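S.K.:
Numbering (the UniProt record's numbering), first residue to last: 1 to 305.
#1: Does residue 274 come out as helix, strand or coil in the three-state DSSP assignment?
#2: Which residue spans inside the segment 187-241 form an unbroken alpha helix (DSSP H) run of at least 4?
#3: For residue 221, is the classification buried or exposed, using 16 other Cβ atoms within 10 angstroms of its Cβ as the cut-off for buried?
#4: By Cβ distance, which residues of its chain are closer than 7 Å to residue 123, with the 5 residues on each side in sequence left out?
#5: When the Cα atoms are used, what is the spatial distance from residue 260 to residue 161?
#6: Going residue by residue through the segment 58-104, where are the continuous beta strand (DSSP E) segments of at least 3 residues, counting only ones entirely within it?
#7: Are the segment 128-141 and the segment 231-246 touching, with three or more C-beta to C-beta distances below 8 Å?
#8: Rounded to the nearest angstrom, how far is the Cβ of residue 185 from that of residue 152, given a contact under 8 Å?
#9: Excluding the 5 residues flanking residue 193 on each side, which residues of the same chain have their C-beta closer than 8 Å to its C-beta?
#10: Below 8 Å on the Cβ atoms is my guess for residue 70 versus residue 33; work out the distance and round it to an integer in Å.
#11: Go ahead and pull the three-state DSSP assignment for residue 163.
#12: Using CA atoms only, rank isn't needed, just tell me which of 80, 79, 88, 147 is closest to residue 108.
#13: Using a 10 Å radius around the Cβ and a threshold of 16 neighbouring Cβ atoms, would you call residue 157 buried or exposed?
#14: Kindly give me the distance between the Cβ atoms of residue 155 and residue 198, rounded to whole angstroms, as I take these residues to be in contact under 8 Å.
#15: Can you look up residue 123 in the DSSP assignment and give me helix, strand or coil?
#16: Out of 65, 207, 216, 44, which has the shortest C-alpha to C-alpha gap to residue 82?
#17: Label residue 176 either buried or exposed according to how many other C-beta atoms from any shown protein chain fall within 10 Å of its C-beta, with 16 as the threshold for buried.
#18: The alpha helix (DSSP H) that contains residue 261, what's its start and end?
#19: Tell me whether the beta-carbon of residue 96 lies closer than 8 Å to the beta-carbon of residue 112.
#20: Over what stretch of residues does the alpha helix (DSSP H) that includes residue 43 continue unbroken?
#21: Taking 8 Å as the CB-CB limit, is residue 252 close to chain B?
#22: Tell whether a beta-carbon distance below 8 Å holds between residue 215 and residue 188.
#23: When you compare each of 66, 209, 181 to residue 106 by their alpha carbons, which one comes out closest?
#24: Buried or exposed, going by whether 16 or more other CB atoms sit within 10 Å of the CB of residue 41?
#25: Going by alpha carbons, who is nearest to residue 191 out of 77, 174, 204?
#26: Which of the three DSSP states is assigned to residue 250 in this structure?
#27: Determine the direct distance from the alpha carbon of residue 249 to that of residue 263, and round the result to whole angstroms.
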């Protein structure tokens, strides 16, 4: 009953013209549809609520009130989410974000895309990556590098989970460059470690080594805990020393990284693996072997850092 009342008022409002300007009162029409949408939403009639929000958006657009139009379209997306129609929900939110950018409110656009990414993550990691990267791009255009890097970070982690490791490596490099630009060096160190793990899983030792070498130019990297761990890891990997690789990959430093990178660490195998180098030695070398290996590490670490 309540909606019929709105329906009548809507027809009246949309046809009503101002005596002086002879133009429809779009503002009132939008406001009536907004109220109708809320009624439908409260009654859990999400399909009708979505239609009402889209009508509201139409009238705001006619009225050149783009921000409000985008808000209404985003709400239509949320109604689709409540109907568990995720792809449609995301389409509306993407459309809204484009209008936000057009309207000169890019922050709102980026935040909408970020929310959309979170919504779609359980359904489609691929689409979530796309949305996070779009949001990062919007922030980057605004020179909001910290926000952009955080969103790229979400995309990188999902690319790792999807095993799209070449793209993950590229995204990580971009992220690291942004953190370098804003002089957040400790985060650059962590990104270097993530890069090394990704490159080793790509079987690209040279790229992994290059990431560490490039990081020597970062203030405080040389000799840091992160640096020593990566040098030890690369040495072990290069020498096919499974024990050394296992030791670094299971250290607290790597285990407490974001889950997707921690999984890369604990699943890392040395090339031609399967043989634990230390245990494979003849018995007479057994006792001295671990001590010798510790010394090797120290020499190596001292020399490079």
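Built from N, CA and C at the ideal position, the CB exists for glycine as well.
Bear in mind that the values here come from a model prediction, so they are computed numbers and not experimental data.
M.R.: According to the structure data:
#1: The count along the chain shown starts at 1 and reaches residue 274 at position 274. At residue 274, the pLDDT of 49 sits below 50, so the modelled position is not reliable and the matter cannot be decided from this model.
#2: 205-215, 225-238
#3: Taking the chain shown and counting its residues from 1, one reaches residue 221 at position 221. It is buried - the Cβ of residue 221 has at least 16 other Cβ atoms within 10 Å.
#4: On the chain shown, position 123 is the one that residue 123 refers to. If we look at residue 123 and ignore the five residues flanking it on each side, its Cβ neighbours are 86.
#5: The residue given as residue 260 occupies position 260 in the chain shown. The residue given as residue 161 occupies position 161 in the chain shown. Cα to Cα, residue 260 sits roughly 6 Å from residue 161.
#6: none
#7: no
#8: By 1-based counting over the chain shown, the position of residue 185 is 185. By 1-based counting over the chain shown, the position of residue 152 is 152. Not a contact, Cβ separation roughly 17 Å.
#9: The count along the chain shown starts at 1 and reaches residue 193 at position 193. Excluding residues within five positions, the ones whose Cβ falls inside 8 Å are 226, 229, 230, 253, 254, 257, 261.
#10: For the purposes of this step, residue 70 is taken as the residue at position 70 of the chain shown. For the purposes of this step, residue 33 is taken as the residue at position 33 of the chain shown. The beta carbons of residue 70 and residue 33 sit about 15 Å from each other, so the pair does not count as a contact at 8 Å.
#11: Translated into positions along the chain shown, residue 163 becomes position 163. Coil, per DSSP.
#12: Taking the first residue of the chain shown as position 1, residue 108 is located at position 108. Here the closest residue by C-alpha is 147.
#13: Stepping through the chain shown from its first residue, residue 157 is reached at position 157. So residue 157 ends up on the buried side.
#14: Walking along the chain shown from the start, residue 155 turns up at place 155. Walking along the chain shown from the start, residue 198 turns up at place 198. Taking the Cβ atoms as the reference, residue 155 lies roughly 13 Å from residue 198, outside the contact range of under 8 Å.
#15: Indexing the chain shown from 1 puts residue 123 at position 123. It is coil, neither helix nor strand.
#16: Your numbering for residue 82 matches position 82 in the chain shown. When each option's Cα is compared against that of residue 82, the closest is 44.
#17: Working through the chain shown from its first residue, we reach residue 176 at position 176. Burial call: buried.
#18: Along the chain shown, read from residue 1 onward, the residue named residue 261 stands at position 261. Where residue 261 is concerned, the enclosing alpha helix (DSSP H) stretches over 259-266.
#19: Reading the chain shown from its first residue, position 96 is the one you call residue 96. Reading the chain shown from its first residue, position 112 is the one you call residue 112. Going by C-beta atoms, residue 96 is nearer than 8 Å to residue 112.
#20: Along the chain shown, one-based indexing puts residue 43 at 43. First-last for residue 43: undefined, no H or E at that position.
#21: Given the protein chain composition of this structure (a single chain), no chain B is represented.
#22: For this step, residue 215 is matched to residue 215 along the chain shown. For this step, residue 188 is matched to residue 188 along the chain shown. By the CB criterion at 8 Å, residue 215 and residue 188 fall inside the cutoff.
#23: Position 106 of the chain shown holds residue 106. Comparing Cα positions, the closest option is 66.
#24: Looking up residue 41 in the chain shown gives position 41. Looking at its Cβ environment, which holds 16 or more other Cβ atoms inside 10 Å, residue 41 is buried.
#25: Here residue 191 corresponds to residue number 191 of the chain shown, with the count starting at 1. If we check each option's Cα against that of residue 191, 174 comes out closest.
#26: Residue 250 sits at position 250 when you count from the first residue of the chain shown. Three-state DSSP puts residue 250 in coil, outside helix and strand.
#27: What you label residue 263 is simply residue 263 of the chain shown in a count that begins at 1. What you label residue 249 is simply residue 249 of the chain shown in a count that begins at 1. Residue 263 and residue 249: Cα-Cα distance of roughly 10 Å.
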